[in-house]
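Student: Residue numbers (full-length UniProt numbering): 1 to 346. Positions of the beta carbon are idealized from the N, C-alpha and C atoms, including for glycine. No experiment lies behind these values; they were computed from the predicted model shown.
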Amino acid sequence: MRIAVDVGYGYVKAINEHGGRLHIPSVVSSVDSAGPDVFGHVPDIYRIDGRLYAVGREALESRKATLAYERDKWNHEATKILLAVAVYELTRDHYTPGVHLITGLPLDHYFGTAGKSGGEQLKTMLEHFRTEVDHVHRPHPAGPVMIHFDRVTVFPQGAASVYSAFMGPDGSIRRPIEKGNTIMIVNVGYRTVDVVTFRTDMNSFRVVRDLSFTVDDSGVVFIRHAVADAFQRLTGRRLSTLEAERVINENGRIYFSGREYDLRSEIHKAKHDLAMRIRDALVARVGDELDFVRSVILAGGGSEDLKSELLKIHPAAEMHPDGPFADATGYLVVGKLKEISASEKR
């Protein structure tokens, strides 16, 4: 079974070849108990290699919540837990022991490591990945599952998004690929913005490496930092990133020390500032070539958050049809094409 997993800094987006999807916050928290609370709420708790964890939305309220925000996130325990849970959940309805995992890294992280590339290092790590997962209250049909991968494909983020923009999950063409055009993917994530530029040939793409890059610390976490800064100016107390996330989810309102604070105007300004920051990065790195781009496809969950602002950054800007799942669905296409290529070589 092909399973594509995009473990973002903010959210995990995963999809299997049967169309099953998972979309959860990239948050993990260790817990001491898996039982229901005094109100009868049964928590969403996993037993992973013998230890109990809350994962995703269940973990958001915990004071022990952990985000994998480091550049080298794949060496973080939380990232490995999120990956294992995603695969566990997406094998519930169509369980088969053999899994082809397709995942990725930000463009510069993928290419930018000395010696072995980041992509090669990640592939090696995932080929040796073994983690046992069980849900305490919703057992898997196969019982506890030892998560491991029979095949691993690692592909650059952003670059995957172009495949899902033009192709279906089975590799079929769903939008004509006209020869000689320049297509730019701007994939706005939680921490990073990946810009990947392609020249098109008949039904194929070629990456223009000089016009492709990652802008670090310019994803939508910029808005969370702006909220934290504004709250500190008003109250003297700084919000954590997770607390700022809750403020945004509550439409910019928060109660503190008996008073309601309304940060909607600060959020609106931060979205505008971030969109202009992305536009400035494009102009600085791409220059006059930007005028020759046939289509700027805005992908990733951050593009959904900034839609009204980002659509103004280029006359040919358009939204990716799969939004937050642009990379995950793209990975699935890449996995299918890899399998077709391998079978043709036999």
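#1: When the Cα atoms are used, what is the spatial distance from residue 45 to residue 295?
#2: Using a Cβ-Cβ cut-off of 6 Å (strictly less than) and excluding sequence neighbours within five positions of residue 221, which residues of its own chain qualify?
#3: Give the DSSP-derived three-state secondary structure of residue 119 in the structure shown.
#4: Look at the alpha carbon of residue 162 and the alpha carbon of residue 175, and state the distance between them as a whole number of angstroms.
#5: Taking residue 177 as the reference, which of 193, 151, 150 and 206 has the closest Cα?
#6: Whole angstroms are fine: how far does the CA of residue 333 sit from the CA of residue 171?
#7: Flag this pair as yes or no: are the beta carbons of residue 186 and residue 199 separated by less than 7 Å?
#8: Quick one: residues in its chain with C-beta nearer than 7 Å to the C-beta of residue 319, no 5 flanking neighbours on either side, listed in chain order?
#9: Would you tell me roughly how many angstroms separate the C-alpha atoms of residue 56 and residue 33, rounded to the nearest one?
#10: Mapping the DSSP letters down to three states, classify residue 198 as helix, strand or coil.
#11: Using alpha carbons as the reference points, say which of 4, 321 and 108 lies closest to residue 20.
#12: Keeping to the same chain, check which residues put their C-beta closer than 7 Å to that of residue 213; ignore five residues upstream and five downstream.
#13: Do you know whose CA, among 166, 137 and 123, lies nearest residue 148's CA?
#14: Hey, which unbroken runs of the alpha helix (DSSP H) at 4 residues or more fall wholly within the region 212-281?
#15: Find out if the Cβ-Cβ distance for the pair residue 24, residue 48 is shorter than 7 Å.
#16: Consult DSSP for residue 9 and reduce its assignment to one of helix, strand or coil.
#17: What did DSSP end up calling residue 153 once you bin it into helix, strand or coil?
#18: By DSSP's criteria, residue 171 is part of a beta bridge. Which residues make up the other side?
#19: Contact defined as beta carbons within less than 8 Å: I believe residue 331 pairs with residue 104. What is the distance between those atoms, to the nearest angstrom?
#20: Helix, strand or coil, according to DSSP, for residue 181 in the structure here?
#21: Spatial neighbours of residue 275 within its chain, please: CB distance less than 7 Å, with the 5 preceding and 5 following residues excluded, ordered by chain position.
Tutor: The structure says:
#1: 44 Å
#2: 190 and 191
#3: helix
#4: 11 Å
#5: 206
#6: 6 Å
#7: no
#8: 298, 303 and 307
#9: 17 Å
#10: strand
#11: 4
#12: 107, 108, 195 and 285
#13: 123
#14: 221-235 and 241-249
#15: no
#16: coil
#17: strand
#18: In DSSP, residue 171 forms no bridge with anything.
#19: 6 Å
#20: coil
#21: 306, 309, 310 and 313
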